[in-house]
Amino acid sequence: MPKDLTGFNPKLKVVNFALLGVVAVSMIANGWIMGETKDKLGLNSKGLFDRLSPLSFFSGAGGGAIKLSGNLGEDAVKLAIASGVPGIYGQELNVSFDQVVPSMTAMKAYDPTYGNKKIVLQGADLKRYVDIGSRIACEYCCGAKSLVFPNGEAACGCAHSQAMRGLAAYLIQNHGAEYTDDQILRELARWKGRYFPKQMTKKMTEQLQNGQYTPDMAALLLELEVPKYSGQSGDAPLPSSIKDAPGMVGGC
Numbered sequence: 213m214p215k216d217l218t219g220f221n222p223k224l225k226v227v228n229f230a231l232l233g234v235v236a237v238s239m240i241a242n243g244w245i246m247g248e249t250k251d252k253l254g255l256n257s258k259g260l261f262d263r264l265s266p267l268s269f270f271s272g273a274g275g276g277a278i279k280l281s282g283n284l285g286e287d288a289v290k291l292a293i294a295s296g297v298p299g300i301y302g303q304e305l306n307v308s309f310d311q312v313v314p315s316m317t318a319m320k321a322y323d324p325t326y327g328n329k330k331i332v333l334q335g336a337d338l339k340r341y342v343d344i345g346s347r348i349a350c351e352y353c354c355g356a357k358s359l360v361f362p363n364g365e366a367a368c369g370c371a372h373s374q375a376m377r378g379l380a381a382y383l384i385q386n387h388g389a390e391y392t393d394d395q396i397l398r399e400l401a402r403w404k405g406r407y408f409p410k411q412m413t414k415k416m417t418e419q420l421q422n423g424q425y426t427p428d429m430a431a432l433l434l435e436l437e438v439p440k441y442s443g444q445s446g447d448a449p450l451p452s453s454i455k456d457a458p459g460m461v462g463g464c
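With this note's numbering applied, the sequence shown closes on residue 464, and no number is skipped along the way.
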């Protein structure tokens, strides 16, 4: 007959319970240490640990989640076309790089000129807004050379530029201390890549080759280590993975 195991080796039971207790205490201690580490590093719920989330690809102030391989076509696509939910403001505004048109609608509501929730900036905030908006444009849609005029007025009324201006104003007003001007410009450039994927990928491909960058492309390279790419005469080839991408997403 098989042995009754219910009372088998009482000492083993004690050892098992002791080990479970050690594991439980270790988990509690680990959680406390992580919390203390975040506090000492000055990281809150919007800090570095959260930005390393898979959903924060290409997102948030101080991003840098992308690693470039040195393959020109692959890197151009990685840089020009963002994906996932942006850090810090993504959940606040309920926007995602993978839901371009609904996100555009959400962000353009804050456009200081046309938005139905327009943000009015003054003083130093207005200066930041003009400086940022002067370095990027919606040229593929309306041909404008910048998002704003020197006085802060809108340089174009298309939905793309409204959304980029709205996001810039929102970040300056609500997260101005968390983003530098260059980092805000980077966020606008990421959205621009989703609005015009084919053109922006081609532009990035060419500028990676010649090493001469416009402000919007330079912003996408912010805080990244860029490999050296071999140059060639004539126009750089468009990566095959983007040939069938739309020239524009969302209407003007």
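Cβ atoms here follow ideal geometry from the backbone N, Cα and C, with glycine treated the same way.
For clarity, every value in this text was computed on a predicted model and none was experimentally measured.
Member of 296, 375, 278, 290 whose CA lies at the smallest distance from the CA of residue 328: 375
How would you label residue 417, buried or exposed, when you count the other beta carbons within 10 angstroms and need 16 or more for buried? buried
Are residue 347 and residue 397 closer than 8 Å when you measure CB to CB? yes
Are the Cβ atoms of residue 420 and residue 288 separated by less than 8 Å? yes
Which same chain residues, not among the five before or five after residue 427, have their C-beta less than 8 Å away from its C-beta? 347, 348, 397
Should residue 336 be labelled buried (16 or more other beta-carbon atoms within 10 Å of its own) or exposed? exposed
Sufficient close CB pairs (3 or more, under 8 Å) joining the region 361 to 368 to the region 300 to 320: no
Candidates 373, 282, 286, of which the one nearest residue 320 by Cα: 373
Helix, strand or coil for residue 360, going by three-state DSSP, please let me know. strand
What are the boundary residues of the alpha helix (DSSP H) that includes residue 347? First-last for residue 347: undefined, no H or E at that position.
CA-CA distance, residue 200 and residue 378? The structure shown has nothing for residue 200, since the chain only spans 213 to 464.
If you check the beta carbons only, do residue 400 and residue 371 fall under 8 Å apart? no
Chain-order list of residues whose beta-carbon lies under 7 Å from that of residue 345 (same chain, five-residue window excluded): Taking C-beta separations shorter than 7 Å and ignoring five residues to either side along the sequence, the partners of residue 345 in its chain run 358, 359, 360, 377, 380, following chain order.
Within 10 angstroms of the Cβ of residue 405, are there 16 or more other Cβ atoms? Answer buried if so, exposed if not. buried
Could you check if residue 281 is buried or exposed, using at least 16 other CB atoms within 10 Å of its CB as the buried criterion? Result: exposed.
My output table needs one value for residue 318: the three-state DSSP class, helix, strand or coil. helix
Output the residue ranges of the alpha helix (DSSP H) runs that lie fully inside the region 346 to 431 and measure 4 residues or longer, sorted by chain position. Counting whole runs of 4 or more residues, the region 346 to 431 contains the alpha helix (DSSP H) stretches 371 to 387, 393 to 407, 409 to 422.
Once you ignore the five residues that flank residue 216 on each side, which residues in its own chain have a CB closer than 7 Å to its CB? Its pLDDT being 47, under 50, residue 216 is placed unreliably by the model, and the measurement read from it follows with that caveat. Nothing meets the Cβ criterion.
Would you tell me roughly how many angstroms separate the C-alpha atoms of residue 311 and residue 402, rounded to the nearest one? 13 Å
Exposure of residue 440, with buried meaning 16 or more beta-carbon neighbours within 10 Å: exposed
Can you name the start and end residues of the alpha helix (DSSP H) that residue 159 belongs to? In this structure the chain extends from 213 to 464, so residue 159 is not present and cannot be described.
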